[in-house]
Ligand code: 6PG
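Residue numbers (this note's numbering): 658 to 1148.
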């Protein structure tokens, strides 16, 4: 075969993400070997975009691998789950020691840990790489979070860095850490994405139901916000989505979209992992549950505050609702500040989860680097990531982002607005689980004495679970003889 060993990179799985990634490599001058389970997709890509660079068509895995220079670098872009294992095994069976398999899908990091170990034992390298930025990012520069062996990054890193987004000349790609580190970080990225979107949704609803603004007017508010601290991809596209008019009805598109949010699982994974790690990612959890609640159709119908659809009278009561805000500009500014403060909390929690994951799995993740590579390319790219990077550069062991001077000041500057918004939303019966739980998290972290002391007392009462004392060394445990003479003993 004439094209043996000519391709620097191979992509298997040519749905839109895989195709766009392959084209991105080709645009950067790399020869890209293409493979897909059905050749039709490969041919469609070649027919439409074959002239954009140098591609090598292959029908079988054997041809695909033959087209690659050694050590081979193959990116798998298939749906996470069982299909990934099947493709990995097929590749691994035919590959040679030193070759690198890269899983660019949204794989669960524990799967990546398992796969990396199995592949390493076969003398190959396995890199679980989180890739964010959707279709557009894959084509023009995503944020890339590769895990796996540091050694494989030496050969793979330069290619990935080249095709990634760049901010101030710095690539949005770095080696995250061993085995599952890359996919773990991508998972938390998605959790933050959920949280960010939930908070944006709450801000939208406050302006819609609290002030009675139309979608187009709210779009203008978001466009304005995007010029300041909230400058971010998600705020920018919120304005675009709100401005879209439905061709069929002439109404704002958002008003004809069914209000049931779906999810593919990465947000849920983030929360499950946070539960295991004991990290309170309340913003992400609220966002995942808010999506679940929106899809709880039977419950929503049964509880709806208007007429019940089954004709059995009224739904559940709302209580006495307060009046709409009278000073609209002030309310809009309050919502902006509440959104920014809640967003800071969401990121603070997400970074804490990465910190905890890194400690648990010995990944040695540098938090400032995560902020750096999220500045461009990815869905949660935002101007304030520069500030997060600075905060972790100043103090790599920062306990929480909100203790860093910039963020402390930013939250303090918005705290009155934040409280007013949560109070007003409560009075108006507008659900704000994201704003309210972020505020409670902030207040809880700053509370000198939490009711956890009582929780410990109760646990000791019914189950002799013991407690620590404020006046005893840490780690020393005590128990009160509740059913005896109620004296205290050391446990
Ligand atoms: C990204 C996105 C991407 C995907 C989400 C959507 O970083 O490019 O996060 O991975 O669009 O997984 O997730 P849901 O379908 O669960 O909302």
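Ideal Cβ placement from N, Cα and C applies to all residues, glycine included.
- Note that the C-beta distance between residue 1071 and residue 1046 is not below 7 Å.
- Look at residue 745: its beta carbon is at least 6 Å from all of the heavy atoms in the ligand 6PG.
- In the structure shown, residue 806 adopts coil according to DSSP, grouped into three states.
- Collapsing the DSSP output to three states places residue 1051 in a helix.
- Looking at the backbone, the Cα of residue 942 and that of residue 929 are separated by about 9 Å.
- The C-beta separation of residue 1135 from residue 1126 comes to about 6 Å, placing the pair in contact by the 8 Å criterion.
- Here the alpha carbons of residue 770 and residue 784 stand approximately 10 Å from one another.
- Checking the DSSP bridge columns, you'll see residue 732 partnered with 668 and 759.
- Taking non-hydrogen atoms of the ligand 6PG into account, the C-beta of residue 695 is found less than 6 Å away from none of them.
- Looking at 921, 1022 and 875, the one whose alpha-carbon comes closest to that of residue 986 is 875.
- CA-CA distance, residue 807 to residue 836, rounds to 10 Å.
- Residue environment: residue 718 is assigned as buried (16 or more neighbouring CB atoms within 10 Å of its CB, all protein chains considered).
- Taking C-beta atoms as the reference points, residue 716 and residue 733 fail to come closer than 7 Å.
- Not one heavy atom of the ligand 6PG lies closer than 6 Å to the C-beta of residue 1140.
- Closest in alpha carbon position to residue 919, among 902, 803, 1028 and 948, is 948.
- Nearest C-alpha to residue 973 among 984, 981 and 957: 957.
- Residue 1002 and residue 1063 do not touch by the CB rule: their CB atoms are close to 14 Å apart, not below 8 Å.
- If you look at residue 787, you'll find it in the beta strand (DSSP E) that goes 782 to 789.
- Look at residue 909 here: in three-state DSSP terms it is strand.
- For residue 1036, the Cβ falls inside the 6 Å cut-off from some heavy atom of the ligand 6PG.
- It is roughly 16 Å from the alpha-carbon of residue 937 to the alpha-carbon of residue 846.
- Inter-segment contact for the segment 672 to 683 and the segment 822 to 830 is absent: fewer than three beta-carbon pairs are separated by less than 8 Å.
- Non-local C-beta neighbours of residue 663 in its own chain, meaning closer than 6 Å and more than five positions away in sequence, comprise 688, ordered along the chain.
- Of the residues 796, 901 and 774, the one whose Cα lies closest to the Cα of residue 805 is 774.
- The nearest non-hydrogen atom of the ligand 6PG is less than 6 Å from the C-beta of residue 920.
- Distances from the CB of residue 889 to the heavy atoms of the ligand 6PG are all 6 Å or more.
- Residue 906 is classed as exposed because its beta carbon has fewer than 16 other beta carbons within 10 Å across all chains shown.
- Taking 6 Å as the cut-off, one finds no heavy atom of the ligand 6PG near enough to the beta carbon of residue 793.
- In this structure, the CA atom of residue 760 is about 35 Å from the CA atom of residue 1094.
- With a 10 Å radius around the Cβ and a threshold of 16 neighbouring Cβ atoms, residue 869 comes out exposed.
- Judged by their CB atoms, residue 803 and residue 780 are not nearer to each other than the 7 Å cut-off.
- Residue environment for residue 1107: exposed (fewer than 16 other C-beta atoms within 10 angstroms of its C-beta).
- Under the three-state reduction of DSSP, residue 936 is assigned to coil, being neither helix nor strand.
- Residue 1086 has its alpha-carbon roughly 26 Å from the corresponding atom of residue 891.
- Boundaries of the beta strand (DSSP E) harbouring residue 691: 688 to 692, taken from the DSSP string.
- The segment 1001 to 1020 makes no contact with the segment 784 to 796: fewer than 3 CB pairs, one atom from each, lie closer than 8 Å.
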